[in-house]
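A quick write-up on the structure given underneath.
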Amino acid sequence: MNFDSMWTTLLPIGRDPRTGGYRRFVWNAAEQECRQWFLAEAAQRDLDARTDQNGNLWAWWGDPDGADESPGAVTGSHLDSVPAGGAYDGPLGVVSAFAALDLLRERGVQPARPLGIVAFADEEGARFGVACAGSRLLTGSLKPDLARALVDADGISYAEAMERAGHDPTRIGRDDQTLEKIGVFVELHVEQGRGLVDLDAPVALAEGIWPHGRWRFEFAGEANHAGTTRMEDRRDPMLTYAMTALAANKRARLTGTRATFGRIEVEPSATNAVPSRITAWLDARAPDQGALDQLLADIGRQARDRAGRDGTVVDVRQESVTPMVAFDAELRRSLARVGPTSRELPVLPTQAGHDAGILAEAGVPVAMLFVRNPTGVSHSPEEYAEPADCHAGVEVLASALEELLAR
Ligand code: GLV
Ligand code: MN
Ligand code: MN
Numbered sequence: 278m279n280f281d282s283m284w285t286t287l288l289p290i291g292r293d294p295r296t297g298g299y300r301r302f303v304w305n306a307a308e309q310e311c312r313q314w315f316l317a318e319a320a321q322r323d324l325d326a327r328t329d330q331n332g333n334l335w336a337w338w339g340d341p342d343g344a345d346e347s348p349g350a351v352t353g354s355h356l357d358s359v360p361a362g363g364a365y366d367g368p369l370g371v372v373s374a375f376a377a378l379d380l381l382r383e384r385g386v387q388p389a390r391p392l393g394i395v396a397f398a399d400e401e402g403a404r405f406g407v408a409c410a411g412s413r414l415l416t417g418s419l420k421p422d423l424a425r426a427l428v429d430a431d432g433i434s435y436a437e438a439m440e441r442a443g444h445d446p447t448r449i450g451r452d453d454q455t456l457e458k459i460g461v462f463v464e465l466h467v468e469q470g471r472g473l474v475d476l477d478a479p480v481a482l483a484e485g486i487w488p489h490g491r492w493r494f495e496f497a498g499e500a501n502h503a504g505t506t507r508m509e510d511r512r513d514p515m516l517t518y519a520m521t522a523l524a525a526n527k528r529a530r531l532t533g534t535r536a537t538f539g540r541i542e543v544e545p546s547a548t549n550a551v552p553s554r555i556t557a558w559l560d561a562r563a564p565d566q567g568a569l570d571q572l573l574a575d576i577g578r579q580a581r582d583r584a585g586r587d588g589t590v591v592d593v594r595q596e597s598v599t600p601m602v603a604f605d606a607e608l609r610r611s612l613a614r615v616g617p618t619s620r621e622l623p624v625l626p627t628q629a630g631h632d633a634g635i636l637a638e639a640g641v642p643v644a645m646l647f648v649r650n651p652t653g654v655s656h657s658p659e660e661y662a663e664p665a666d667c668h669a670g671v672e673v674l675a676s677a678l679e680e681l682l683a684r
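With this note's numbering applied, the sequence shown has no gaps in its numbers, which climb one by one up to 684 at the end.
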């Protein structure tokens, strides 16, 4: 299967030899090398390759602009990663898309509508903080002015980074022409949990995505000397942050939700000074919107109570939010039997965000396929899927597409 050779070519791009992890951030050198890889794969297959106005990559089999064509069946995922991310989250869906297309051609399938392969830009939001920026810009759920003004850790704006990579940032925003070409979208993704291990199955269909979001907590206090300032005279925001992180973890454990502080910045960040400010980002997720709202309210209240005792001030801002996503139930039913056996594919919910969720919110019929992950570990260099399961994923994806291309 061509999957293996594509996987081998993509694997070393941007991999840190020390940790084995990736930092493929939108518009950085490694991510742009991945884009070159995508364009080379498209060219090898004689596909019509394009970069849309929001920096998403497309490769079409068939003419998506043809006046008589039905809107396309689209598959793909993303090529960017989280900091020190794994090889599979994103790239598995893109490599599998090309491999599934090859399989369809081998099977002699004559598509009744175009097949599109997509690599969405900046799914992880690792550089500028907003997840799924490429698909959100495409659907209009991220406003172009807001996106252009986002800045990375080096103070480079989204607009500047895009321009340096040779794309015109004045043209970003809702793109109806491209959206209209997506009749249906199937995203294949490595599973980010152990659901399939427990079910002893290589591939599942997704049911939906938990509502989730990112919040920036600013804890402000007073910088002071670490030796001469008496413990009782301090206004130390680190304490307020630390207690808030513990409270968030406890709330999430008690309520069956998820709360993670995975990134903080400390000012002035000196070993011998009480800090003046802690900025901490909370990622929170829950099975329904009510539970997510309650979780945020509880964490915010506990942070403010503690700030009152520490003499500090807390400010909480939402940076991005994705509501509950339920994938198209009819589409899921129609794809339930494309698996390797006569059994229906299992169906799993997910707590992870995906471009598929953004398209579903915009009204596109969407399905997702998950490929078994033996440890469930993701967003880490340890992320993995067995080659045999990746191949099974390609087979299932090809069969799903075959079904969709016949319509
Ligand atoms: C994306 O992988 C997310 O769920 O944050
Ligand atoms: Mn991810
Ligand atoms: Mn992903």
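We treat Cβ as the ideally placed atom computed from N, Cα and C, and that holds for glycine.
query	result
Could you check which residue in TYR299, LYS527, VAL303 and ALA557 has the C-alpha nearest to that of PRO514?	ALA557
Taking the continuous beta strand (DSSP E) assigned at ALA561, which residues delimit it?	554-562
Got a list of residues with beta-carbon closer than 5 Å to any non-hydrogen atom of ligand 3, in chain order?	ASP366 and GLY367
Taking the alpha-carbon of LEU559 as reference, which of THR532, GLY585, GLN595 and GLY450 has the nearest alpha-carbon?	GLN595
Could you name the residues, in chain order, whose CB is less than 5 Å away from a heavy atom belonging to ligand 1?	ALA629 and GLY630
Would ASP570 count as contacting chain C if we go by Cβ distances under 8 Å?	Absence of chain C from the displayed structure is noted, only one protein chain being present.
Is any non-hydrogen atom of ligand 2 found closer than 7 Å to the C-beta of HIS489, if you look at the structure I gave you?	no
Could you check if GLU437 belongs to the surroundings of ligand 2, using beta carbon to heavy atom distance under 7 Å?	no
Is VAL654 a contact residue of ligand 2, with contact defined as CB to any heavy atom under 7 Å?	no
Between the Cα of LEU369 and those of GLY634, LEU523, LEU465 and GLN387, spot the shortest distance and give me the residue it belongs to.	LEU465
If you measure between the beta carbons of ASP575 and ARG528, is that distance less than 8 Å?	yes
Under DSSP, the alpha helix (DSSP H) around THR532 begins and ends at which residues?	514-532
Taking ARG614 as part of the beta strand (DSSP E), name the residues at either end of that continuous run.	From DSSP, ARG614 is part of no beta strand (DSSP E); its letter is neither H nor E.
Bridge partners for TRP492 per DSSP, in chain order?	LEU559 and GLN595
Less than 7 Å between the CB of GLU308 and some heavy atom of ligand 2, yes or no?	no
Could you spell out where the alpha helix (DSSP H) holding VAL673 opens and where it closes?	664-682
Hey, quick one: how far does the alpha helix (DSSP H) through LEU324 stretch, first residue to last?	Run containing LEU324: none; DSSP gives neither H nor E here.
Sorted by chain position, which residues of the same chain lie with C-beta nearer than 7 Å to ILE635's C-beta, five sequence neighbours on each side aside?	CYS409, SER412, ARG413, THR416 and SER418
State yes or no: is the C-beta of VAL303 nearer than 7 Å to some heavy atom of ligand 2?	no
Strictly by DSSP, which residues pair up with TYR299?	ARG292 and GLY362
If you count every other CB in all the chains shown that lies within 10 Å of the CB of ASN650, and 16 or more means buried, which is it?	buried
Taking the C-alpha atoms as reference points, what is the distance between ALA500 and MET439?	37 Å
Answer yes or no: the CB of GLU680 versus the heavy atoms of ligand 2, is any distance below 7 Å?	no
Please work out which residues of its chain come closer than 7 Å, Cβ to Cβ, to ALA376, disregarding the five sequence neighbours upstream and downstream, and give them in chain order.	MET278, ASN279, PHE280, MET283 and VAL671
By the three-class DSSP mapping on this structure, what secondary structure does ILE576 have?	helix
Hey, would you say the C-beta of VAL359 is under 7 Å away from at least one heavy atom of ligand 2?	yes
Does the Cβ of GLU401 lie closer than 7 Å to at least one heavy atom of ligand 2?	yes
Once DSSP output is grouped into helix, strand and coil, what is the label at MET645?	strand
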